[in-house]
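For reference, the structure discussed in these notes is given below.
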Ligand SMILES: [Fe+2]
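In my numbering, the protein residues as written are 30 to 452.
Take a look at the structure:
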């Protein structure tokens, strides 16, 4: 990607150049904001990294000018800030999409640029969908949910682990929001927030996704605590998604006020964020914890103390992880989570467990619209294609049949068919 660096400090400009070129990017350096603006107008840059303080034009003004130029394509802007400037950035409503904290660390630069590239790709897909919608008018809610399905599939491809637990989180958040009797618009927002709440983690080292906060070192924790703000900023730029942005921003606030980024407590935390917080933590344990039973027990005790050991009554790792995930919510009630959310969630889990469902292997040719994948579906070479719990529509089934013709898929697919279904 061609990246414009606006930095009056030759040392940091050279550092960006070295790191980004090494990672396959083309870098153009401007020594001040005015020069960067001139270069930007003559070239199709899709990403800018700007220093905050520069002669002639500062980084905030430069980002605001770029955003105000109403381009037909998306430009991802990143500001270099100090921790102190970060709050100013939000107060000044700087139009930057992301920020890099000083002092600069190579891994952080690579991570923020990776997030930017993901965002550019997602924005391109949104533009395509918007064009399709404007040429083929359809119900607004249907369009909204189609966008979320597409973005969610893209996330699966970018990072299957993140995609998988966020998909489960989104699904159950929707159910809980309905259990709370919330209005339809809010239910949709909470589902979308659940589906994308951790996109701020995209680009961070994969092993960080397997860590709990207690296991992170200072640098990792600093990167990790930025993710709700980053994800929230991404959604804030689309007016229709501002409600989702608020929910995402507060999904790491704790019920007792000990969370981040703003230390909100109890009803100050939006109900959607309280729902996402509990559901996300549950599925993160389910999807990321190891399969070794002794490691599971050790990790559970380290994270949740002695109280968790009362569920150590099984030797099956999957069952044990599910029990730990459920019990951890109960243990953290009133500190981390809203007790009403946890009660409704546990009722839901029990209900799901009691719902008898059929899972079976069927030939791709037998697939019917509405069937649900009962496990991840991969290509023969192991590349991830579709995630567990994906509801198959006619277009997806058509594509699978087409891919089968190329001999890159197995003939059989594992699907879940509800008992009451007419399949
Ligand atoms: Fe998160």
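Where is the CB? At the ideal position from N, CA and C, for every residue including glycine.
Self-check item: Backbone secondary structure at residue 464 - three-state DSSP
Solution: Any property of residue 464 remains undetermined from this structure, which presents the chain solely from 30 to 452.
Quiz item: Secondary structure at residue 441, three-state DSSP: helix, strand or coil?
Solution: Position 412 of the chain shown, counting from 1, holds the residue named residue 441. Residue state, collapsed to three classes: strand.
Quiz item: Among residues of its own chain, excluding the 5 on either side of residue 451, which ones have a beta-carbon nearer than 7 Å to its beta-carbon?
Solution: For the purposes of this step, residue 451 is identified with residue 422 of the chain shown, where counting begins at 1. Here residue 451 scores only 32 on pLDDT, less than 50, and its place in the model should not be relied on; the value that follows carries that caveat. Counting only Cβ-Cβ distances below 7 Å, and skipping sequence neighbours, we find nothing.
Quiz item: Just checking, does the stretch 320-328 make contact with the stretch 386-397 on the three C-beta pairs under 8 Å criterion?
Solution: no
Quiz prompt | Distance between residue 346 and residue 319 (C-alpha atoms, nearest Å) | solution = Sequence index remark: in the chain shown, residue 319 carries index 290 (1-based). Sequence index remark: in the chain shown, residue 346 carries index 317 (1-based). Rounded to the nearest angstrom, the two C-alpha atoms are 9 Å apart.
Quiz item: Taking just the CA atoms, how far does residue 63 sit from residue 85?
Solution: Taking the first residue of the chain shown as 1, we reach residue 85 at position 56. Taking the first residue of the chain shown as 1, we reach residue 63 at position 34. Whole-angstrom Cα-Cα distance: 6 Å.
Exercise. Check whether the Cβ of residue 416 lies closer than 7 Å to any heavy atom of ligand 1, and answer yes or no.
Key: Here residue 416 is taken as the residue at index 387 of the chain shown, counted from 1. Outside the cutoff, so no.
Practice problem: Would you mind stating whether residue 466 and residue 312 have Cβ atoms separated by less than 8 Å? | Solution: One cannot answer for residue 466 here, as it falls past the ends of the chain, which runs 30 to 452.
Exercise. Determine which residues share a DSSP beta bridge with residue 76 and list them.
Key: Position 47 of the chain shown holds residue 76. Answer is 32, 105.
Exercise. Tell me whether residue 256 counts as near ligand 1, meaning its Cβ is closer than 7 Å to at least one heavy atom of that ligand.
Key: As a first step, residue 256 is located in the chain shown; it is residue number 227 there, counting from the start. Correct: residue 256 has its Cβ closer than 7 Å to ligand 1.
Quiz item: CB residue 138 to CB residue 129, shorter than 8 Å?
Solution: Within the chain shown, numbered from 1, the residue matching residue 138 stands at position 109. Within the chain shown, numbered from 1, the residue matching residue 129 stands at position 100. In this structure, residue 129 lies closer than 8 Å to residue 138 by Cβ.
Quiz item: Taking 7 Å as the cut-off, does the CB of residue 309 come closer than this to any heavy atom belonging to ligand 1?
Solution: Here residue 309 refers to the residue found at position 280 of the chain shown. Correct: residue 309 has its Cβ closer than 7 Å to ligand 1.
Practice problem: Could you have a look at residue 404 and say whether DSSP puts it in helix, strand or coil? | Solution: For the purposes of this step, residue 404 is taken as the residue at position 375 of the chain shown. The answer is coil: DSSP assigns residue 404 none of H, G, I, E or B.
Quiz prompt | Boundaries (first-last residue) of the beta strand (DSSP E) holding residue 56 | solution = Reading the chain shown from its first residue, position 27 is the one you call residue 56. 55-59 is the extent of the beta strand (DSSP E) around residue 56.
Quiz item: Hey, is the stretch 267-275 in contact with the stretch 250-257, meaning 3+ C-beta pairs nearer than 8 Å?
Solution: no
Exercise. Could you tell me whether the Cβ atoms of residue 44 and residue 57 are closer together than 8 Å?
Key: Numbered from 1 along the chain shown, position 15 holds the residue referred to as residue 44. Numbered from 1 along the chain shown, position 28 holds the residue referred to as residue 57. No. Outside cutoff.
Practice problem: Give the secondary structure of residue 313 by DSSP, where H, G and I count as helix, E and B as strand, and everything else as coil. | Solution: Here residue 313 refers to the residue found at position 284 when the chain shown is read from its first residue. It is helical.
Exercise. Using only alpha-carbon positions, find the residue among 204, 421, 231 that is nearest to residue 376.
Key: Stepping through the chain shown from its first residue, residue 376 is reached at position 347. The candidate whose alpha carbon is nearest that of residue 376 is 204.
Quiz item: CB-CB under 8 Å to residue 42, same chain, minus the five flanking residues each way: which ones, in chain order?
Solution: Within the chain shown, residue 42 is the residue found at index 13, counting from 1. For residue 42, where only same-chain residues beyond five positions count, the Cβ hits under 8 Å are 34, 36, 58, 60.
Quiz item: CB of residue 280 to nearest heavy atom of ligand 1: below 7 Å?
Solution: Position 251 of the chain shown, counted from the start, is the residue given in the question as residue 280. Within the cutoff, so yes.
Practice problem: Compare the Cα-Cα distances from residue 351 to each of 314, 344, 374 and report the closest residue. | Solution: Within the chain shown, the letter at position 322 stands for residue 351. Answer by Cα proximity: 314.
Quiz item: Cβ-heavy atom distance between residue 316 and ligand 1 below 7 Å?
Solution: Counting from one through the chain shown, the residue named residue 316 turns up at place 287. No, the Cβ of residue 316 stays beyond 7 Å of every heavy atom of ligand 1.
Exercise. Could you tell me if the beta carbon of residue 226 falls within a distance shorter than 7 Å of some heavy atom in ligand 1?
Key: Taking the chain shown and counting its residues from 1, the one referred to as residue 226 is at position 197. Answer for residue 226: yes, Cβ within range of ligand 1.
Exercise. Can you have a look at residue 365 and say buried or exposed, based on whether 16 or more other CB atoms are within 10 angstroms of its CB?
Key: Taking the first residue of the chain shown as position 1, residue 365 is located at position 336. That one is buried.
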